[in-house]
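Position in the sequence shown counted from 1, then plus 45, gives you the numbering used here. The beta-carbon is built from N, C-alpha and C at its ideal position, and this holds for glycine as well.
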Amino acid sequence: LSRYVSTAYVSAFSGQNVYLEDEMNLDIMQYPWKERRESQESFLNTSDADSASKYLRDNRINYIYWLNGEHTKVGTEHLMVTEIFQNNSVTIFNVVY
Numbered sequence: 046l047s048r049y050v051s052t053a054y055v056s057a058f059s060g061q062n063v064y065l066e067d068e069m070n071l072d073i074m075q076y077p078w079k080e081r082r083e084s085q086e087s088f089l090n091t092s093d094a095d096s097a098s099k100y101l102r103d104n105r106i107n108y109i110y111w112l113n114g115e116h117t118k119v120g121t122e123h124l125m126v127t128e129i130f131q132n133n134s135v136t137i138f139n140v141v142y
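This is the structure we're talking about:
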């Protein structure tokens, strides 16, 4: 899961599927991506840890990729995630089920 969705570089470099990425091309291809975007925004803005965890499970999200400064309203300390990488630009979490 990544909030940065204007390019497909996360999937290109990681070889992993991405929940939502490259909205411009999804729009051109007429892929119905807006529901996913709204769902993702709800996840990011919820203060209910159970709801946020359910979102990750239901959508089979295994990793969260955030540019530094990005976070959920509920906070990672209330989610079942483990930080696996951090540098001065990004933080990557592994979702633990």
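Could you tell me whether the Cβ atoms of residue 65 and residue 85 are closer together than 8 Å? In contact: residue 65 and residue 85 (Cβ atoms closer than 8 Å).
Where does the unbroken beta strand (DSSP E) through residue 126 begin, and where does it stop? Taken as a continuous stretch (DSSP letters only), the beta strand (DSSP E) holding residue 126 covers 126–131.
Please report the straight-line C-alpha distance between residue 63 and residue 112, rounded to a whole angstrom. Straight-line measurement puts the Cα of residue 112 at about 15 Å from the Cα of residue 63.
Out of 127, 132, 135 and 93, which has the shortest C-alpha to C-alpha gap to residue 141? Nearest of 127, 132, 135 and 93 to residue 141, Cα basis: 127.
Whose C-beta lies closer than 8 Å to the C-beta of residue 72 among residues of the same chain, with five residues either side of it excluded? Excluding residues within five positions, the ones whose Cβ falls inside 8 Å are 78.
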